[in-house]
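Residue numbers (full-length UniProt numbering): 1 to 340.
Following this line, the structure appears as structure tokens:
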């Protein structure tokens, strides 16, 4: 009896410690392993195929097992993947990341990531990091990622861009920060290597380009913030390589936006012209980049002619005239009867 219980216990342990083997889907690039479904929690036994430098894990609605669920990207999971140089985990319900120091490319778009651990004692090699559409509210973790050339924190919950964080990213060329909640931009911390900057659709309250230098910047997007004024002369002086600038803000009145567009055009800088075909008068307005004709206001109820009252009056007068006419005819008939 005891021996049977021991065997059952050992069998149960073997079930708990089962290692799940992951298989790659057919893919035309030999060094890439594409995976449709992964389920992982810390402590789970899991193995990935060997010989791949890039893993793409993206849930598919067609999978019978449902959506992938990877609770965390931790060192054990990275080891189980055989330390690849590129990882894409898109829409897998990821919540935390312990960023591997050897990783070169990381795409973790469309998850629930609230924190990124970059406390490793080793230097980080990563050059491309996409954390778009997550729940990050802090970006101090990027300070140590000194080899970054591409960084996207688009559509997160970032309320401030900390000082002395971006200035460590001396190789950064592309920075995407749109759809966040920060109110100011630390222009003096922007690395001189930056080519492309997008801070649109946020809550920036002011910008000041005097006494700053962005010598490599070619693209700037600040539209749909709450910026009341922009000094284009200072902007052009600070960005000698600027080729494209999107500066539309609803807090800048129409005449001033017209002047801004003229200044940009004079320097051959392209821009979004939301006023094209939209007259600069009180009959039209711009909303979300589109031109709309204002609705004409209806006159107050006590102004003008009340059609219903007029109709009632006409009916009343007509009825009175008809009554008088009938009475006249009746009187004449009665007089004629007296002669007989």
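A virtual CB, placed ideally from N, CA and C, is assigned to each residue, including glycine. Given the structure is predicted, the values throughout are model-derived calculations rather than measurements.
Exercise. Of the residues 85, 108, 79, 253, which one's Cα is nearest the Cα of residue 57?
Worked result: Of 85, 108, 79, 253, the residue nearest in Cα terms is 108.
Exercise. Around the C-beta of residue 323, are 16 or more other C-beta atoms found within 10 angstroms, so that it is buried, or is it exposed?
Worked result: Residue 323 comes out exposed.
Exercise. Taking the continuous alpha helix (DSSP H) assigned at residue 132, which residues delimit it?
Worked result: No alpha helix (DSSP H) holds residue 132; DSSP gives it neither H nor E.
For this session: Mark residue 329 as exposed unless 16 or more other C-beta atoms lie within 10 angstroms of its C-beta, in which case mark it buried.
Result: Label assigned to residue 329: exposed.
Problem set entry | Length of the line joining the Cα atoms of residue 150 and residue 253 | Whole-angstrom Cα-Cα distance: 34 Å.
Exercise. Rounded to whole angstroms, how far is the Cβ of residue 210 from the Cβ of residue 186, which I believe are closer than 8 Å?
Worked result: The beta-carbon distance between residue 210 and residue 186, rounded to whole angstroms, is 15 Å. This is too long to meet the 8 Å contact definition.
Exercise. Going along the chain, which residues of its own chain have a beta-carbon closer than 6 Å to the beta-carbon of residue 96, five neighbours each way excluded?
Worked result: Answer for residue 96: 72, 115, listed in chain order.
Exercise. Skipping 5 residues on each side, what residues in its chain have a beta carbon closer than 6 Å to that of residue 174?
Worked result: The answer, listed in chain order, is 150, 196.
For this session: Decide if residue 245 is buried, meaning its Cβ has at least 16 other Cβ atoms within 10 Å, or exposed.
Result: It is buried - the Cβ of residue 245 has at least 16 other Cβ atoms within 10 Å.
For this session: State yes or no: is the C-beta of residue 106 within less than 7 Å of the C-beta of residue 133?
Result: If you check the CB distance, residue 106 and residue 133 do not come in under 7 Å.
For this session: Tell me whether residue 185 sits in a helix, a strand or coil according to DSSP, three-state version.
Result: Three-state result, residue 185: coil.
Exercise. Does the separation of the CB atoms of residue 77 and residue 27 fall below 7 Å?
Worked result: Their beta carbons are not under 7 Å apart, which means residue 77 does not touch residue 27 by this criterion.
Problem set entry | Bridge-paired residues (DSSP) for residue 98 | DSSP output for residue 98 lists 117 as bridge partner(s).
For this session: Inspect the beta-carbon positions of residue 80 and residue 47 and report whether they are closer than 7 Å.
Result: In contact: residue 80 and residue 47 (Cβ atoms closer than 7 Å).
Exercise. In this structure, does DSSP put residue 201 in helix, strand or coil?
Worked result: Here residue 201 sits in coil by DSSP.
Exercise. Relative to the alpha-carbon of residue 184, which residue among 313, 66, 225 has its alpha-carbon at the smallest distance?
Worked result: Checked all of 313, 66, 225; the closest Cα to residue 184 is 225.
Exercise. For residue 251, is the classification buried or exposed, using 16 other Cβ atoms within 10 angstroms of its Cβ as the cut-off for buried?
Worked result: By the beta-carbon neighbour count (other beta carbons within 10 angstroms, threshold 16), residue 251 is exposed.
For this session: Go ahead and label residue 303 buried or exposed: buried means 16 or more other beta carbons lie within 10 angstroms of its beta carbon, across all protein chains shown.
Result: Any reading at residue 303 must be qualified, since the residue scores a pLDDT of 48, below 50, and its modelled position is unreliable; no value is offered.
Problem set entry | Identity of the residue in 51, 331, 37, 320 nearest residue 89 by Cα | The option with the nearest alpha carbon to residue 89 is 37.
Exercise. Can you tell which of 172, 204, 180 has the C-alpha that lies nearest to the C-alpha of residue 189?
Worked result: Proximity to residue 189 across 172, 204, 180 peaks at 172, based on C-alpha coordinates.
For this session: With DSSP as the reference, label residue 224 as helix, strand or coil.
Result: If DSSP states are grouped into helix, strand and coil, residue 224 belongs with coil.
Exercise. Since residue 126 contacts residue 169 with CB under 8 Å, what's their CB separation in whole angstroms?
Worked result: Contact between residue 126 and residue 169 is ruled out by a C-beta separation of about 11 Å, above the 8 Å threshold.
For this session: Could you tell me whether the Cβ atoms of residue 227 and residue 207 are closer together than 7 Å?
Result: Yes. Within cutoff.
Exercise. So what does residue 67 bridge to, in DSSP terms?
Worked result: In the DSSP assignment, residue 67 is bridged to no other residue.
Exercise. Looking only at its own chain, which residues have a Cβ that is under 6 Å from the Cβ of residue 270, when we skip the five neighbours before and after it?
Worked result: So the qualifying residues of the chain are 244.
For this session: Starting from the C-beta of residue 263, find all residues in its chain whose C-beta is less than 7 Å away, skip the five residues before and the five after it, and write them out in chain order.
Result: Within its own chain, the residues whose Cβ lies closer than 7 Å to the Cβ of residue 263, once the five positions on either side in sequence are excluded, are 232, listed in chain order.
Problem set entry | residue 273 to residue 261 span [Cα, whole Å] | Straight-line Cα distance between these residues: approximately 8 Å.
Problem set entry | Which of helix, strand or coil DSSP assigns to residue 88 | In the structure shown, residue 88 sits in a strand (DSSP, three-state: E or B).
For this session: Would you kindly report the start and end of the unbroken beta strand (DSSP E) that includes residue 244?
Result: Where residue 244 is concerned, the enclosing beta strand (DSSP E) stretches over 244-246.
Exercise. Where do the N-terminal and C-terminal ends of the alpha helix (DSSP H) with residue 53 fall, by residue?
Worked result: Counting along the chain, residue 53 sits inside no alpha helix (DSSP H), nor does DSSP assign it H or E at all.
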